[in-house]
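This note's numbering puts the last residue of the first sequence at 1438; the count rises by one with no breaks.
From the three backbone atoms N, C-alpha and C, an ideal C-beta is built for every residue, glycine too.
This one's a predicted model, so the numbers in the text were calculated from it and none came from an experiment.
Notes for the one structure printed next.
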Amino acid sequence: MSEQKVNITLPDGTVKEYKKGISSYEIAISISEGLARNVLAAKVNGEVWDASRPIQNDSNVQLLTWNDDQGKSTFWHSSAHLMAEALEALYPGIKFGIGPPVETGFYYDVDFGSQVFNAEDLEKVEQKMLELSRQKNAFIREEVSKADAISYFEKKGDEYKLELLADLEDGSISFYKQGNFTDLCKGPHIPDTGFIKAAKLMNIAGAYWRGDETRKQLTRLYGVTFPKKKELDEYLTLLEEAKKRDHRKLGKELELFTFSEKVGQGLPLWLPRGTELREKLTNFLKKAQQKAGYVSVMTPHIGSKSLYVTSGHYEKYGEDSFKPIRTPNENEEFLLKPMNCPHHCEIYKFKPRSYKDLPLRLAEFGTVYRYEQSGELHGLTRVRGFTQDDAHIFCRPDQVKEEFKKVIDLVLYVFESLGFDDFITQISLRDPENKQKYIGDDEAWDKAETAIIEATREKGLKTKTELGEAAFYGPKLDFMVKDALKRSWQLGTIQVDYNLPKRFDLEYVGSDNQKHRPVMIHRAPFGSMERFVAILLENTEGKFPLWLSPVQYIILPISEKYAEYANKVNEELMVKDFTGNVDHRDEKIGRKIRDAELSKIPYMFIVGEKESESGSVSIRKQGEGDLGTFELKDLFAYMQNELEKSLKSVR
RNA sequence: GCCGACGUAGCUCAGGGGUAGAGCGCUUCCUUGGUAAGGAAGAGGUCAUGGGUUCAAUUCCCAUCGUUGGCUCCA
């Protein structure tokens, strides 16, 4: 009687025959021993499996190594178990919550009970992990009945695992065991702990059990592990590099913005250079908006409470925002403006609108104030007072999709111009399970959601969709960009809104001479000036393109004898709308160059005896060095050309 | 808001129960120099704030404020 066989299809399309019950590890060996040593897990018919799990049917098999994202996350998931084993060995009796892999590394939530654990103890755990990994203990999968699982964790007294078990179905429960540690886990895992050669526990933090702030806070330990020591070192170096790009550090060094305890937390103060940068960004967008048919408006920083009662913001956020301001005599209530849209609705109502007037695109760089929880404030990315590059497009229902597409074009233009080529677009819809979180009727929501989905599809945007992430008045399309530490931040946003026009009773007269309701599109390509500058800083490391640079050049006189000539050159550059200054300090030229390089000023013009006599400057470009001597008229032409190139090159 | 860490000169940081240090920056003087740090002298700190313990607190404890890593939240 012949053995039963299975056909295994590999990713390159080759089909091989193996005996039934073969594991992906054995398949790897049949290909090459070297490969087998690196196999962490395998994707069998689209599902990630342990490399040791027997394959009983014809299957598509993809071997996963460190080079595959799913290989990495399996590796880190197993590392979480290893960390738990180490912790249990060092702190007997502790209880465990969940321990998943994350984008870089893994964490485990732990209840240390009465034992104390602090950051200094992390190293001890690292050492223990490495000690245990050297034992090369296999990760062993075991199917268990629900009753057995419950009794195991009851005996152990781990109420967290018991709670997790309560949600699981009998027959689908598995344990994984390595060394002396057993955990409830559906897997998969790497073959054994010996693969983990380097471990670094990054930090500890509080985390609510199941993310619920009414429940107990556990200690979350974050770590990262690697199959090679060298890779850990490289990763740590990368973190050091990221620190250099931190916008909070660069903002201070380049004198762009600051915070003051006295002014209040989350309230940025823009220094002259930062203001210059912001104005350049603002003018850039204003110009683009002008071309796209927007008109500018301005509205005050506070608004009567009734404005926000009408818009629904008060009901939705009143409790969690800055309290109303009252007039001393009449006791009238005003709110700091949290959004510009209610004001813009009132501008729309200034006069009757005809269908011929639409779309009406009202733009405002409007400063808004929101009470953000103190723990959430972060540099310029999360503040309490910020300026949105806001606009509201009031249009007819038949114009929504077209207008939405135009806004996508504008956002893409802005992102391209600033070199943000690595971004994610996310469609945020409402949570169908939790409709009371939102205002408006189903019909309006369906229309708005359909408009976004169709517009993004027609623009060919690759999007991911999240349920429950919509604004309370409408669905949105967000553009997310990463900072130096690869954290995603929402920058640009476009939202379709059928609700506010209704709440504000906005109308226009159609060609049929009947009254109709316009649709609103909220949009902000930068999102907020503050957050945008932050992400721009992290992406450019403070080396802005010439057109954006707050200080575009610095003139460096060789000695004070040439100060007058330097001033003359400076004045001529200022006349030509460049921004820069002269370094009049009593320092040698080498020193002035070094300081200019470090402050990331794009161009240095050196003037000494030679230059002042011949009416020229010696140009030095940041990061590149000496470019030679240019006569003044050539300098202006050169700078003009560089300026255009800097706009174009990023376009 | 919650948990943890941190708060010393303008900046970056060292120190530590007996009222403070470095480097850079700043001021003054010398130097007038040619493509990444010229030299010297000097000023500058209620050691975040308020309590407590102690003969004595910047140091130890508590609270507040701020920063920070997470959690929750995010119009």
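Which of helix, strand or coil DSSP assigns to residue i
i       : result
Met870  : helix
Val1437 : Note that Val1437 has pLDDT 47, beneath the 50 cutoff, so the model's placement of it is unreliable and the number below is only indicative. If DSSP states are grouped into helix, strand and coil, Val1437 belongs with coil.
Pro1129 : helix
Trp996  : helix
Pro841  : strand
His1165 : strand
Pro1262 : coil
Met1085 : coil
Asp1270 : coil
Ser938  : helix
Pro888  : strand
His976  : coil
Val903  : coil
Glu1151 : strand
Ala1383 : helix
Tyr1441 : Outside the modelled stretch of the chain, which goes from 788 to 1438, sits residue 1441, for which no answer is possible.
Asp1176 : strand
Trp1232 : helix
Met788  : Only weak support is given to the placement of Met788: the predicted model assigns it a pLDDT of 42, under 50, and the question is left unresolved by the model.
Asp1196 : helix
Leu1278 : strand
Val1356 : helix
Gln857  : helix
Ala828  : strand
Closest residue to residue i among the options (Cα-Cα distance)
i       : options                              : result
Gln1052 : Gln1277, Glu1163 and Arg1032         : Glu1163
Leu869  : Asp856, Phe893 and Leu850            : Phe893
Asn1354 : Lys1078, His1371, Gln1339 and Glu941 : His1371
Gln1282 : Glu1220, Glu1236 and Thr1252         : Glu1236
Ser1161 : Thr1154, Arg1171 and Lys1049         : Arg1171
Ala1311 : Glu1018, Gly1090 and Thr1174         : Thr1174
Thr852  : Ala828, Ile842 and Ser846            : Ala828
Ala1150 : Glu1429, Val1082, Tyr805 and Trp1232 : Val1082
Ile1460 : Pro1262, Glu907 and Ile1211          : What is shown of the chain runs 788 to 1438, which leaves residue 1460 out entirely.
Gly958  : Leu949, Lys973 and Lys964            : Lys973
Phe862  : Phe1013, Leu1167 and Gly1395         : Phe1013
Asp855  : Ala871, Ser866, Asn844 and Asn825    : Asn825
Ala1079 : Glu1359, Phe1071 and Ile927          : Phe1071
His1088 : Leu1248, Ser920, Ile1112 and Leu951  : Ile1112
Ala1231 : Lys1249, Phe962 and Pro1288          : Pro1288
Gln1186 : Ser1298, Ala994 and Met1307          : Met1307
Glu956  : Leu1360, Glu930, Asp979 and Arg1002  : Glu930
Backbone CA spacing between residue i and residue j [nearest angstrom]
i       : j       : result
Asn905  : Leu874  : 13 Å
Thr1097 : Arg1290 : 6 Å
Lys1188 : Ile1195 : 11 Å
Asp1284 : Lys1143 : 21 Å
Glu1398 : His1179 : 53 Å
Pro1129 : Tyr1095 : 7 Å
Pro1184 : Pro1262 : 16 Å
Asn832  : Thr801  : 15 Å
Asn924  : Phe1313 : 51 Å
Ala876  : Glu890  : 27 Å
Ala985  : Gly1255 : 39 Å
Gln1409 : Ile1388 : 6 Å
Leu1145 : Gln1223 : 32 Å
Glu918  : Gly1166 : 40 Å
Short Cβ contact (9 Å threshold) for residue i with residue j
i       : j       : result
Met1316 : Arg1065 : yes
Leu1122 : Ser1091 : yes
Tyr1340 : Tyr1295 : no
Val1369 : Ala1350 : yes
Pro888  : Ser866  : yes
His1034 : Ala1424 : no
Val1084 : Ile1134 : yes
Leu1278 : Ala1242 : no
Asp1192 : Glu1245 : The question names Asp, but residue 1192 in the sequence shown is Lys. Yes, they are a contact pair.
Residues that residue i bridges to, as DSSP identifies them
i       : result
Ile1239 : Answer is none; Ile1239 lacks a bridge partner.
Asp954  : Note: Asp954 sits in no beta bridge, so no partner.
Phe1344 : Sequence check: residue 1344 is Pro here, not Phe. Its beta-bridge partners are Val1394.
Glu929  : Phe962
Phe893  : Pro888 and Gly1010
Ser1091 : Phe1121
Phe1313 : For Phe1313, which the question treats as bridged, DSSP gives no partner whatsoever.
Near the ligand MN: residue i beta-carbon under 8 Å from a heavy atom
i       : result
Asp1370 : As presented, the structure is devoid of all ligands, the ligand MN included, so that no description of it is given.
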